[in-house]
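Residue numbers (the numbering used here), protein chains in the order written: chain U, 151 to 545; chain S, 64 to 415.
Here's what the structure looks like:
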């Protein structure tokens, strides 16, 4: 039993830290600290810096431009990025479509598409969920019908994250209604500017715009845009959902957010003393810290198992549940810490002299409400429990 | 023992419920969220004509109600209708003015001629003992200096009652035409910062500590009742949604794991209703502070659970601006931030 990282891994961590301190602009760090959303240009700029260093496509093999990292390096990289308030890598092209093409695509698809993901020529988004197909994804209804050399697509996708920036979308579509629902699904690539594709924004409860609906009306897509075999898209969907979930526990984010909360609790005054000295509040901060320390080791144990090729869906489901619940609790405490001053809204439009709380805490309520999504998206925590239950009880 | 509302209160409840259902739909709410004064003065006037402000004040002080159950009856309906009108400010300021014996002002408030707010807390002062805003006599009037933070209902108010420190104890002062920095709140309605830079004021009382604490307790009770109204809507919405949403070929309400979680929400809601009734029965008694603190602590804890579970059980839809449930959930969460959260209330209960 040895919980320490190897000297090589520690050296790697130092290398990542040095890169981040040289390349992260103060403006990006400020926005990250304040939980502000980034512009498209800011996200693309950060991708370009990582790409120049060869650290953008962290899950890809070296032959396609990946850094050749194992699970531990990826973990260290994610953790350091979170602690430094670096922007998140937008995952749809890099961590989702890329690995799918590498495993299921044709040589032509790989040669054409992967370089354009790396250099930022294409921004991909994901067309999975539909209004009637969320947790029960296999019941999706968007139809793709062969017509000569094309598929003709009709239907609707939803919860399409950052679709407003995308010029491409990868979709699960129904190509057959025969047999089990899972057996008639195909994975196809669509241009967002093709005639018949329409994107409509969805406003979230805290006022933000991250997700969209995408409508398809007689959209024609060449048959060569199919990835893998027709009607075998479910295999790809499962591969994508269970094997490419990097950083699912979000330990780095929770660590960063908990540190912020501790700092904040020293600054805010409650009942005439720093909030950190309120025994009730301090006890809750301590509890969540205990949970997070345990999760840190659970995460490392599972990384270690992954290194030995023994990672399971159950383990990543456990990490997803516990990781999201812990992060949400930290954000809930941060919101509570502000007391009455959490309410002023929207933070970007507040007049001068309107708020008295530190700049990096002003979005605490909005950020708390926005991050209720963590336990809903990417397979809700209820679906994750189903996966674990199946493993524990069989069936 | 009788847990039914009296006939008069049942009528009041029905009147407010019908008015909000017919006259204050979600489009009305969306229409006033973004721009000062963050409520509808026209709707305010109509609610005041229905007699709501009068119902907050006892008869001997110029109103026609004023008991704990008058307050909870009205605020439960305001919660059910998710009404962003500045009724909390009206309740607290009318009761404080009445307790100061300011009969002429109370009459203006009750008849809707004037709308005012109550400013107590400061950036670093979340209890009366910590208030630093000062009041000094200058000739025949008073001058106030300091800053009040997150004053509910301040935008567009005709005046504000201000708690300020005197050589001994706290005074309560009326400032007309106050200097304010207004903003919207994340759960609807408006508030503001009150900047007191040698502000001219009229003194209502030079010994107002107990009066202010009593007004705040009435406000806390009102928030509890509002929360109960909100909870009832959220529980009903969740039940309806689970019955209607189909996945895996059947309504998701058929999954026992989801049923049990909804049942827990319903149990907590009943507990919250009970403790709010208990607190309402204690308003005006020596035990008022303790029971209202108990109620607001439970409301804070259960409110978090119900709001979070409602969003979670709705899935993505519960995260959207378009779905009314998300606005009810935000309101329920943010009630815990008003007039002392569940930690502050727990401290008060432990100290009592």
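No residue lacks a Cβ here, since even glycine has one placed at the ideal position from N, Cα and C.
By the criterion of Cβ-Cβ separation under 7 angstroms, what are the contact partners of residue 66 of chain S in chain U? What you label residue 66 of chain S is simply residue 3 of the second chain in a count that begins at 1. Here the premise fails: no neighbours, minimum Cβ distance about 32 angstroms.
Please give me, in chain order, every unbroken run of the alpha helix (DSSP H) with length at least 4 that falls completely inside the segment 180-248 of chain U. 190-203 and 221-233, all fully within the segment 180-248 of chain U.
Straight-line gap, residue 345 of chain S to residue 356 of chain S (C-alpha atoms, nearest Å): The count along the second chain starts at 1 and reaches residue 345 of chain S at position 282. The count along the second chain starts at 1 and reaches residue 356 of chain S at position 293. Those two C-alpha atoms are separated by around 11 angstroms.
Measure the C-alpha to C-alpha separation of residue 230 of chain S and residue 196 of chain S and round it to an integer number of angstroms. Stepping through the second chain from its first residue, residue 230 of chain S is reached at position 167. Stepping through the second chain from its first residue, residue 196 of chain S is reached at position 133. In a straight line, the C-alpha of residue 230 of chain S is about 12 angstroms away from that of residue 196 of chain S.
With a threshold of 6 angstroms on Cβ separation, who are the neighbours of residue 332 of chain U within its own chain once the five nearest residues in sequence on each side are excluded? Against the first chain, residue 332 of chain U aligns to sequence position 182. Close CB contacts of residue 332 of chain U within its chain, under the 6 angstroms cut and outside five residues either way in sequence, are with 288 and 384 (chain order).
From the beta carbon of residue 503 of chain U, is the nearest beta carbon of chain S less than 8 angstroms away? Counted from its first residue, the first chain places residue 503 of chain U at position 353. By this cut-off, residue 503 of chain U is an interface position.
My guess is that residue 344 of chain U and residue 369 of chain U are in contact by the Cβ rule of under 8 angstroms, so how many angstroms apart are they, rounded? Residue numbering aside, residue 344 of chain U sits at position 194 when the first chain is read from its first letter. Residue numbering aside, residue 369 of chain U sits at position 219 when the first chain is read from its first letter. Between residue 344 of chain U and residue 369 of chain U a beta carbon distance of about 5 angstroms is seen, short of the 8 angstroms cut, so the two are scored as contacting.
Quick one: measure Cβ to Cβ for residue 406 of chain S and residue 430 of chain U, integer angstroms, because I've assumed they're closer than 8 angstroms. Residue 406 of chain S sits at position 343 when you count from the first residue of the second chain. Residue 430 of chain U sits at position 280 when you count from the first residue of the first chain. About 5 angstroms separates the CB atoms of residue 406 of chain S and residue 430 of chain U; that is less than 8 angstroms, so the two are in contact.
Option nearest residue 414 of chain S by Cα separation, candidates S:353, S:121 and S:398: For this step, residue 414 of chain S is matched to residue 351 along the second chain. Sorting S:353, S:121 and S:398 by C-alpha distance to the C-alpha of residue 414 of chain S places S:353 at the top.
From which residue to which residue does the alpha helix (DSSP H) around residue 71 of chain S run? Residue 71 of chain S sits at position 8 when you count from the first residue of the second chain. Here the alpha helix (DSSP H) through residue 71 of chain S covers 70-86.
Cβ of residue 506 of chain U less than 8 angstroms from any chain S Cβ? On the first chain, position 356 is the one that residue 506 of chain U refers to. For residue 506 of chain U, the closest Cβ of chain S is nearer than 8 angstroms.
Could you check what DSSP says for residue 221 of chain S in three-state terms: helix, strand or coil? As a first step, residue 221 of chain S must be located in the second chain, where it is residue number 158. In this structure, residue 221 of chain S counts as coil in the three-state DSSP scheme.
Taking contact to mean at least 3 C-beta pairs separated by less than 8 angstroms, is the segment 375-387 of chain S in contact with the segment 292-307 of chain S? Output reads yes: the segment 292-307 of chain S touches the segment 375-387 of chain S.
Using a Cβ cut-off of 8 angstroms, which residues of the segment 228-253 of chain S contact any Cβ in chain U, in chain order? Residues 244, 245, 246, 247, 248, 249 and 250.
Contact set between residue 187 of chain S and chain U, taken where Cβ atoms lie within less than 7 angstroms: Taking the second chain and counting its residues from 1, one reaches residue 187 of chain S at position 124. Those are 419, listed as they occur along chain U.
What do you reckon, are the CB atoms on residue 405 of chain U and residue 244 of chain U nearer than 8 angstroms? The sequence position of residue 405 of chain U within the first chain is 255, counting from 1. The sequence position of residue 244 of chain U within the first chain is 94, counting from 1. 8 angstroms or more divides the Cβ of residue 405 of chain U from the Cβ of residue 244 of chain U.
Starting from residue 486 of chain U, trace the alpha helix (DSSP H) both ways and give me its first and last residue. Residue 486 of chain U sits at position 336 when you count from the first residue of the first chain. For residue 486 of chain U, the uninterrupted alpha helix (DSSP H) segment begins and ends at 463-487.
Chain-ordered neighbours of residue 320 of chain S on chain U, where CB pairs are closer than 8 angstroms: Locating residue 320 of chain S in the second chain gives position 257, counting from the first residue. The contacting residues are 532 and 535.
Whole angstroms are fine: how far does the CA of residue 234 of chain S sit from the CA of residue 225 of chain S? One-based indexing of the second chain puts residue 225 of chain S at position 162. One-based indexing of the second chain puts residue 234 of chain S at position 171. For residue 225 of chain S and residue 234 of chain S, the distance between alpha carbons rounds to 8 angstroms.
The alpha helix (DSSP H) with residue 166 of chain U in it runs from where to where? As a working note, residue 166 of chain U is residue 16 in the first chain. Counted as a single uninterrupted DSSP element, the alpha helix (DSSP H) harbouring residue 166 of chain U occupies residues 157-173.
Simplified DSSP assignment, three categories, for residue 446 of chain U: Within the first chain, residue 446 of chain U is the residue found at index 296, counting from 1. When DSSP states are grouped into helix, strand and coil, residue 446 of chain U belongs to the helix group.
Consider the Cβ of residue 205 of chain S: report whether some Cβ of chain U lies at a distance smaller than 8 angstroms. Sequence index remark: in the second chain, residue 205 of chain S carries index 142 (1-based). Nearest CB-CB separation between residue 205 of chain S and chain U: not below the 8 angstroms threshold.
What would DSSP say about residue 366 of chain S, mapped onto helix, strand or coil? Stepping through the second chain from its first residue, residue 366 of chain S is reached at position 303. DSSP places residue 366 of chain S within a helical segment (H, G or I) once states are collapsed to three.
How about residue 210 of chain U and residue 252 of chain U: do their beta carbons lie closer than 8 angstroms? One-based indexing of the first chain puts residue 210 of chain U at position 60. One-based indexing of the first chain puts residue 252 of chain U at position 102. Yes.
Unbroken beta strand (DSSP E) run spanning residue 235 of chain S, endpoints: Stepping through the second chain from its first residue, residue 235 of chain S is reached at position 172. It spans 233-239 - the beta strand (DSSP E) in which residue 235 of chain S sits, taken as one unbroken run.
Do the segment 526-533 of chain U and the segment 497-513 of chain U touch if we need at least three Cβ pairs shorter than 8 angstroms? Contact between the segment 526-533 of chain U and the segment 497-513 of chain U is absent, because fewer than three Cβ pairs lie under 8 angstroms.
From residue 256 of chain S to residue 332 of chain S, what distance separates their C-alpha atoms? Within the second chain, numbered from 1, the residue matching residue 256 of chain S stands at position 193. Within the second chain, numbered from 1, the residue matching residue 332 of chain S stands at position 269. Computed Cα separation, rounded: 33 angstroms.
Taking DSSP as the reference, what is the three-state secondary structure of residue 146 of chain U? In the structure as shown, chain U begins at 151 and stops at 545. Residue 146 of chain U is therefore absent and cannot be evaluated.
Rounding to the nearest angstrom, what Cα-Cα distance links residue 253 of chain S and residue 179 of chain S in this structure? As a working note, residue 253 of chain S is residue 190 in the second chain. As a working note, residue 179 of chain S is residue 116 in the second chain. Cα-Cα distance, rounded: 13 angstroms.
For a contact meaning CB atoms closer than 8 angstroms, what does residue 378 of chain S contact in chain U? Locating residue 378 of chain S in the second chain gives position 315, where the first residue counts as 1. Against chain U, the beta carbon of residue 378 of chain S has neighbours under 8 angstroms at 284, 285, 526 and 530, listed in chain order.
Grab me the residues of residue 272 of chain S's own chain with a C-beta within less than 7 angstroms of its C-beta, minus the 5 sequence neighbours each way, in chain order. Translated into positions along the second chain, residue 272 of chain S becomes position 209. Within the same chain, Cβ atoms closer than 7 angstroms to the Cβ of residue 272 of chain S are found at 191, 232 and 233, the five residues on either side in sequence being excluded.
Taking Cβ-Cβ distances below 7 angstroms as the criterion, which residues of the segment 418-440 of chain U are in contact with chain S? So the close ones are 419, 420, 421, 422, 428, 430 and 431.
Cβ of residue 242 of chain U less than 8 angstroms from any chain S Cβ? Against the first chain, residue 242 of chain U aligns to sequence position 92. So, not an interface residue.
Alpha carbon to alpha carbon, what distance is there between residue 319 of chain U and residue 363 of chain S? Working through the second chain from its first residue, we reach residue 363 of chain S at position 300. Working through the first chain from its first residue, we reach residue 319 of chain U at position 169. Going by the C-alpha atoms only, they are around 43 angstroms apart.
Along the segment 173-199 of chain S, where does the CB come closer than 7 angstroms to a CB of chain U? Name the residues. Considering only beta carbons, the part of the segment 173-199 of chain S lying closer than 7 angstroms to chain U consists of 184, 186, 187, 189, 190 and 193, in chain order.
Would you decide whether residue 542 of chain U is buried or exposed? Buried here means 16 or more other CB atoms lie within 10 Å of its CB. The residue given as residue 542 of chain U occupies position 392 in the first chain. Around the beta carbon of residue 542 of chain U, fewer than 16 other beta carbons sit within 10 angstroms, so the residue counts as exposed.
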